[in-house]
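Colleague: My questions all concern the structure below.
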Ligand code: ADP
């Protein structure tokens with residue numbers, strides 16, 4: 043009896059020494075495969091097993107890495123192999139039940155026979171022990187040892203293996219976390235390097251600490267040159283100093299502005315700059331992403347050129363045509379008028395339409411740039427409505443549509459850019475004529491509504507789907523389908539800009555198949 047106690051003590055002491063050794067060994071590496079191989083070899087050798095396996099699980103219980111040791115040699119199975127061991131093997135039972143298992147005779151234990159760990163040799167009886175690995179209460183792996191002899195493993199072996207597993211659980215978890223971190227870093231590195239936008243990392247003084255390939259390519263500077271520069275050297279001198287944005291950046295906001303990127307030996311590049319705070323290790327740094335906006339800038343220039351072209355090259359000759367037509371009209375002999383007048387009218391209306399279109403195009407540009415309305419003068423709403431109807435009734439007649447006018451008697455005078463608001467009304471009426479089929483009915487009207495004047499154009503055309511009621515006021519948005527003849531999609535965008543610039547609002551109410559009701563309000567004062 044006494045002898046037995048001494049023997050137990052000896053085992054415990056040697057176990058303790060062994061565990062100490064193992065913990066030292068495990069602390070020596072963070073490389074997951076190295077850690078696995080060490081744990082496995084130390085376990086098999088110290089417990090006296092012939093074979094063993096160790097599977098590492100992630101937070102969701104999926105196997106991420108494994109090692110198998112056979113007579114001192116270590117192999118790493120594939121993900122599919124690990125999955126199958128875990129699904130069918132004893133390891134699966136231990137992982138599911140989160141408790142150790144000791145099988146003295148694998149032939150007589152259904153956890154083994156039902157889930158043979160080693161299918162090839164399942165015929166021979168063996169013994170096995172298997173323990174779960176935990177770290178902070180979370181299952182991080184399963185360690186299995188096998189011996190060719192039945193009844194080889196004892197509860198002491200199991201206790202020792204659990205001791206090893208407890209140490210290994212933390213080591214395996216650390217190694218796994220370390221690997222995940224390295225992978226995350228590698229992924230970030232790849233994203234950083236392969237980004238199609240130039241990305242730079244700087245300190246809070248704007249001194250460049252890192253620059254990706256694209257940053258080097260776009261600035262035409264080598265990495266060494268960039269690492270000796272700061273962001274104010276790379277941006278146009280007019281750019282506000284970085285210190286202006288410190289507060290916003292410290293708050294975690296992304297700062298962005300447009301500037302020009304100064305480049306080595308080539309012309310500056312217009313860019314949009316996005317700056318935000320990022321943590322590099324423990325220190326807060328700044329990440330700069332630069333986006334090439336040269337195409338947009340070119341389009342802006344093109345648009346300005348086009349506006350100038352429309353203004354000078356189209357508008358003045360058109361004005362000449364209209365005034366020449368006026369003069370010609372007065373020169374016509376009275377007897378010629380009957381035949382020629384209708385042709386004249388067509389020419390005048392077409393020219394005026396063109397003139398309205400050009401003016402609206404120019405207005406869109408001006409209003410979008412936020413220019414205020416300067417040509418305001420007082421006008422009677424009824425005059426606006428009547429003039430708009432005069433300009434469009436021939437078109438309505440050509441489609442045999444009924445164009446009626448509803449006006450309140452004592453409408454107060456409003457102060458607006460008369461030509462612009464008249465064009466808004468004409469646009470709405472022309473749309474109603476265009477989209478309403480032959481013989482349809484269109485009503486144009488105006489009435490007072492509190493401190494506003496309400497204008498409306500109502501038709502009994504195809505109507506507009508609910509989800510498009512807002513969208514059709516956006517530039518270039520058009521409804522598709524046979525019911526909607528082709529157009530540019532600029533008319534309503536112009537109307538909205540013009541009405542809003544006058545402090546008013548515009549919208550449409552509609553029922554599909556019944557018609558549309560465009561309404562806009564303008565303030566009386
Ligand atoms: P355009 O008429 O040149 O296409 P608009 O901006 O004037 O451009 O109109 C945008 C779209 O709104 C039109 O394409 C059409 O689909 C729809 N729309 C405008 N007015 C009406 C209307 N009275 N009835 C039905 N649909 C309309």
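Numbering (the working numbering), first residue to last: 43 to 567.
Cβ coordinates follow ideal geometry from the N, Cα and C atoms, glycine included.
Values in this document were obtained by computation on a predicted structure and should not be read as measured data.
(1) Return yes when at least one heavy atom of the ligand ATP lies under 7 angstroms from the C-beta of residue 242, else no.
(2) With DSSP as the reference, please indicate the residues paired to residue 546 in a beta bridge.
(3) What are the residues that DSSP puts in a beta bridge with residue 418?
(4) Would residue 128 pass as a contact of residue 143 if the rule is Cβ separation under 8 angstroms?
(5) Within 7 angstroms: the Cβ of residue 519 and any heavy atom of the ligand ADP?
(6) Classify residue 161: buried if its beta carbon has 16 or more other beta carbons within 10 angstroms, exposed otherwise.
(7) I need the straight-line Cα distance from residue 242 to residue 315, nearest angstrom please.
(8) Is residue 504 near the ligand ADP, judged by its Cβ being under 7 angstroms from some heavy atom?
(9) How would you label residue 247, buried or exposed, when you count the other beta carbons within 10 angstroms and need 16 or more for buried?
(10) Within 8 angstroms, do at least three Cβ pairs link the stretch 73–90 to the stretch 205–218?
(11) When we look at the beta-carbon of residue 124 and count the other beta-carbons within 10 Å, is it buried (16 or more) or exposed?
(12) Return helix, strand or coil for residue 318, following the three-state DSSP convention.
(13) Give the range of the alpha helix (DSSP H) segment to which residue 230 is assigned.
(14) From the DSSP output, which residues share a beta bridge with residue 297?
(15) Among 302, 149, 293 and 303, which one has its Cα closest to the Cα of residue 318?
(16) Which residues does DSSP pair with residue 249 in a beta bridge?
(17) Are residue 339 and residue 312 touching if we call contact CB-CB under 8 angstroms?
(18) Can you pull the DSSP bridge partners for residue 16?
(19) Counting along the chain, where does the beta strand (DSSP E) carrying residue 490 start and finish?
(20) Please determine, among 357, 342 and 116, the residue with the shortest C-alpha to C-alpha distance to residue 399.
(21) Excluding the 5 residues preceding and the 5 following residue 237 in the sequence, name in chain order all residues of the same chain whose CB lies nearer than 7 angstroms to its CB.
(22) Please indicate yes or no: does the CB of residue 477 lie closer than 7 angstroms to some heavy atom of the ligand ADP?
(23) Anyone know if the C-beta pair for residue 385 and residue 431 falls short of 8 angstroms?
(24) Compare the Cα-Cα distances from residue 139 to each of 153, 116 and 562 and report the closest residue.
(25) What first and last residue would you give for the alpha helix (DSSP H) that runs through residue 143?
(26) According to DSSP, simplified to helix, strand and coil, what is residue 137?
(27) Give the range of the beta strand (DSSP E) segment to which residue 241 is assigned.
(28) Taking the Cβ atom as the reference point for each residue, do residue 20 and residue 511 lie within a distance shorter than 8 angstroms?
(29) Quick check on residue 43: does DSSP put it in helix, strand or coil?
(30) With burial defined as no fewer than 16 other Cβ atoms inside 10 Å of the residue's Cβ, what is the status of residue 484: buried or exposed?
(31) Flag this pair as touching only if the stretch 278–298 and the stretch 212–221 have three or more C-beta atom pairs under 8 angstroms; answer yes or no.
(32) Grab me the residues of residue 394's own chain with a C-beta within less than 8 angstroms of its C-beta, minus the 5 sequence neighbours each way, in chain order.
(33) By a C-beta neighbour count over all protein chains shown, 10 Å radius and 16 as the cutoff for buried, is residue 459 buried or exposed?
(34) Let's see if you can read the secondary structure: which residues bound the beta strand (DSSP E) around residue 170?
(35) With a 10 Å radius around its C-beta and 16 neighbouring C-beta atoms as the bar for buried, classify residue 405 as buried or exposed.
(36) By the DSSP assignment, the beta strand (DSSP E) with residue 332 in it spans what residues?
Modeller: The structure says:
(1) The ligand ATP is not part of this structure, which contains only the ligand ADP.
(2) Beta-bridge pairing links residue 546 to no other residue.
(3) Paired residues: 459.
(4) No, these two residues do not count as a Cβ contact at 8 angstroms.
(5) The answer is yes for residue 519.
(6) Interpretation of residue 161 is limited by its pLDDT of 48, a score under 50 that renders its predicted location unreliable; no figure is taken from the coordinates.
(7) If I take the Cα positions, the gap works out to 11 angstroms.
(8) Relative to the ligand ADP, residue 504 has its C-beta within less than 7 angstroms of a heavy atom.
(9) Its Cβ having fewer than 16 others within 10 Å, residue 247 is exposed.
(10) Three or more pairs of CB atoms, one per stretch, sit closer than 8 angstroms, so the stretch 205–218 contacts the stretch 73–90.
(11) Buried, since its Cβ has 16 or more Cβ neighbours within 10 Å.
(12) Strand.
(13) For residue 230, the uninterrupted alpha helix (DSSP H) run begins and ends at 197–236, by DSSP.
(14) Answer is 317.
(15) Looking only at 302, 149, 293 and 303, the smallest Cα-Cα distance to residue 318 is reached by 293.
(16) Beta-bridge partners of residue 249 (DSSP): 272.
(17) Result yes, Cβ atoms of residue 339 and residue 312 sit closer than 8 angstroms.
(18) Here the chain comprises residues numbered 43 to 567, so residue 16 is not present and cannot be evaluated.
(19) Per DSSP, the unbroken beta strand (DSSP E) holding residue 490 starts and ends at 483–491.
(20) Ranking 357, 342 and 116 by Cα distance to residue 399 puts 357 first.
(21) So the list reads 254 and 256, once near-sequence residues are dropped.
(22) The answer is yes for residue 477.
(23) No, the pair does not count as a contact, with Cβ atoms beyond the cut-off.
(24) Residue nearest to residue 139 within the set 153, 116 and 562 is 153 (criterion: CA-CA distance).
(25) First-last for residue 143: 143–145, but that is the beta strand (DSSP E), not the alpha helix (DSSP H).
(26) Judged by DSSP in its simplified three-state form, residue 137 adopts helix.
(27) Bounds of the beta strand (DSSP E) holding residue 241 are 241–244.
(28) Here the chain comprises residues numbered 43 to 567, so residue 20 is not present and cannot be evaluated.
(29) Annotation note: pLDDT 42 at residue 43 (below 50); position unreliable, coordinate value reported separately. The three-state secondary structure of residue 43, taken from DSSP, is coil.
(30) It counts as buried.
(31) The stretch 278–298, when compared against the stretch 212–221, does not touch it at the 8 angstroms Cβ threshold.
(32) Answer for residue 394: 364 and 433, listed in chain order.
(33) When all chains shown are included, residue 459 counts as buried.
(34) Counting along the chain, the beta strand (DSSP E) containing residue 170 begins and ends at 169–177.
(35) With 16 or more other Cβ atoms within 10 Å, it is buried.
(36) Element bounds for residue 332: 325–334.
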